[in-house]
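Everything on this sheet refers to the single structure shown next.
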């Protein structure tokens, strides 16, 4: 499949900006395809004398020139930017094709002008603007990386925590792809032995006993289960978790957000209902990437009828409930200065969420005497609604008391006692994990068939199906729909 698709691409040369938009140190425009060098040479004027063409992997200093027509009708060359140009000949490039990179100044206007100049100069050569993810797709189709590595490119770029970057780098280096290939090779070895027994039943060849086959398949199931199980760990450490702060108005949710974020992200006043929409902050809690969301405060149902909550605030409360239901962890912030912190609004909210994803925070420890702490009463009330085992953290968002305990509690609830991922640790993404689960399910059915005494030719079909599923992970077998879904999520320059 790769070779056919790759051959269809060789007649086209693509170009795109490869660096993020905005001002910066360097802006890069990349070309890939058979006309990459010819197109670049049409607009590149070298500084050095005696230039006869691009030397591979050598930075050439010069200028990008665009044609300009003077009022008198004479052609003039207009300088677009002072640049460095480098040529990577096929197959020793990211895409496996001829690649030219133009490194210039990173202003968005000048980078866009360099790209327009190249596209205009190469129009008759078939040069066109690249589509989303097309450079990486060509690298995949030309065998420069497998599909796991392709996905890891985007995941490494998007990583916003050291742990997430470490996991993406391991996949990018090929560790997970090699592990999948190894498991597939073991599957194919078992299948080969079954085929020999089926194709040469009369020959005196050593056949694989059902017990040996079951043992080999069982080992593969265990390995696939272990890899697929690591996907949830990867999601938390790489994609991060949604932590929603919910509770009654003036319970201190905004103060808690500000205290954890270390900045005044939310407005804090004595007036109830200051937060009318949700406010979110992306941050690291003990190395764990978290999106912390402050939501509109809850009120008793009757307050809206008496006019104490306007329609805008009511919409904010509705959104709060929706976010609470989606949260990886719901932090229920209770006003510890109230005689009964856990009232009707909080109970109503808890009736619509997964109780296994709740952490209770008893705020305002600084404005009450220790002997008047309502923690015991709150624990008893939680017991009544099925939350008797939930952890209660006592804090003061105003003074910072208990914030370390809060941070540690959040980390425990989201990641358990796991340490941050180490370099080299294998953890698949969701697509890869689902394929592993499908392959493991097929092999479990195979174990049942072995136990039932099914013939070897039937068992071989199960092995072939499981092998093909694993091939989807690395892209050795992949449908166009799968490839499009992956590459369409990339930015244009990748």
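In UniProt numbering, the protein residues as written are 1 to 494.
We treat Cβ as the ideally placed atom computed from N, Cα and C, and that holds for glycine.
Minimum Cβ-Cβ distance from residue i to chain C less than 9 angstroms
| i | result |
| --- | --- |
| residue 386 | Looking at the structure shown, chain C is missing, and only one protein chain is on hand. |
Residue burial classification, residue i (beta-carbon count within 10 angstroms, cutoff 16)
| i | result |
| --- | --- |
| residue 250 | buried |
| residue 399 | exposed |
| residue 391 | exposed |
| residue 103 | buried |
| residue 101 | buried |
| residue 432 | buried |
| residue 191 | buried |
| residue 350 | buried |
| residue 244 | buried |
| residue 39 | buried |
| residue 79 | exposed |
| residue 98 | buried |
| residue 193 | buried |
| residue 17 | buried |
| residue 458 | exposed |
| residue 49 | exposed |
| residue 238 | buried |
Three-way DSSP call (helix, strand, coil) for residue i in this model
| i | result |
| --- | --- |
| residue 394 | strand |
| residue 51 | coil |
| residue 291 | strand |
| residue 280 | strand |
| residue 106 | coil |
| residue 45 | strand |
| residue 335 | strand |
| residue 59 | coil |
| residue 345 | helix |
| residue 399 | coil |
| residue 340 | coil |
| residue 441 | helix |
| residue 488 | coil |
| residue 475 | coil |
| residue 457 | helix |
| residue 286 | coil |
| residue 329 | strand |
| residue 464 | helix |
| residue 429 | coil |
| residue 450 | helix |
| residue 95 | coil |
| residue 161 | coil |
| residue 19 | coil |
| residue 242 | strand |
Presumed contact (8 angstroms Cβ cut-off) between residue i and residue j, rounded CB distance
| i | j | result |
| --- | --- | --- |
| residue 486 | residue 132 | Not confirmed; about 10 angstroms, so no contact. |
| residue 56 | residue 87 | 6 angstroms |
| residue 360 | residue 382 | 7 angstroms |
| residue 426 | residue 230 | 7 angstroms |
| residue 384 | residue 364 | In fact, because the Cβ distance is near 23 angstroms, the residues do not count as touching under 8 angstroms. |
| residue 252 | residue 367 | So it is not a contact: roughly 10 angstroms between Cβ atoms. |
| residue 386 | residue 175 | Not a contact, Cβ separation roughly 43 angstroms. |
Separation of residue j from residue i, as counted between CA atoms
| i | j | result |
| --- | --- | --- |
| residue 378 | residue 235 | 33 angstroms |
| residue 21 | residue 156 | 18 angstroms |
| residue 128 | residue 354 | 51 angstroms |
| residue 293 | residue 124 | 53 angstroms |
| residue 54 | residue 60 | 8 angstroms |
| residue 357 | residue 442 | 32 angstroms |
| residue 41 | residue 172 | 33 angstroms |
| residue 437 | residue 330 | 29 angstroms |
| residue 283 | residue 258 | 12 angstroms |
| residue 260 | residue 403 | 7 angstroms |
| residue 543 | residue 135 | Residue numbering for the chain in the displayed model covers 1 to 494; residue 543 lies beyond these limits and cannot be assessed. |
| residue 397 | residue 407 | 12 angstroms |
| residue 2 | residue 286 | Confidence in residue 2 is poor, its pLDDT being 49 and thus under 50, which makes the residue's placement unreliable; the coordinate value appears in the next sentence. Their backbone Cα atoms lie some 43 angstroms apart in a straight line. |
| residue 183 | residue 28 | 40 angstroms |
| residue 142 | residue 96 | 6 angstroms |
| residue 4 | residue 166 | Low local confidence applies: a pLDDT of 45 at residue 4 is under 50, so the model's placement there is unreliable, with the coordinate-based value given in what follows. For residue 4 and residue 166, the distance between alpha carbons rounds to 34 angstroms. |
| residue 37 | residue 14 | 12 angstroms |
| residue 273 | residue 295 | Unreliable positioning characterises residue 273 in this predicted model, as indicated by a pLDDT of 47, which lies under 50. The coordinate reading is nonetheless provided below. Distance between the alpha carbons of residue 273 and residue 295 is about 10 angstroms. |
| residue 440 | residue 413 | 29 angstroms |
| residue 65 | residue 112 | 14 angstroms |
| residue 109 | residue 81 | 11 angstroms |
| residue 105 | residue 25 | 7 angstroms |
| residue 450 | residue 468 | 20 angstroms |
| residue 280 | residue 472 | 37 angstroms |
| residue 67 | residue 19 | 25 angstroms |
| residue 341 | residue 320 | 19 angstroms |
| residue 12 | residue 196 | 46 angstroms |
Residue i Cβ short of 8 angstroms to the ligand ATP heavy atom set
| i | result |
| --- | --- |
| residue 389 | The ligand ATP is not part of the structure shown, which contains no ligands of any sort. |
Item to check | Sufficient close CB pairs (3 or more, under 8 angstroms) joining the segment 405 to 422 to the segment 160 to 171 | outcome: yes
Next on the checklist: Count Cβ pairs between the segment 174 to 189 and the segment 463 to 470 that sit closer than 8 angstroms; are there 3 or more?
Outcome noted: yes
Checklist entry - Okay, do the segment 211 to 219 and the segment 432 to 451 touch, 3+ Cβ pairs below 8 angstroms being the bar? => result The segment 211 to 219 vs the segment 432 to 451: in contact.
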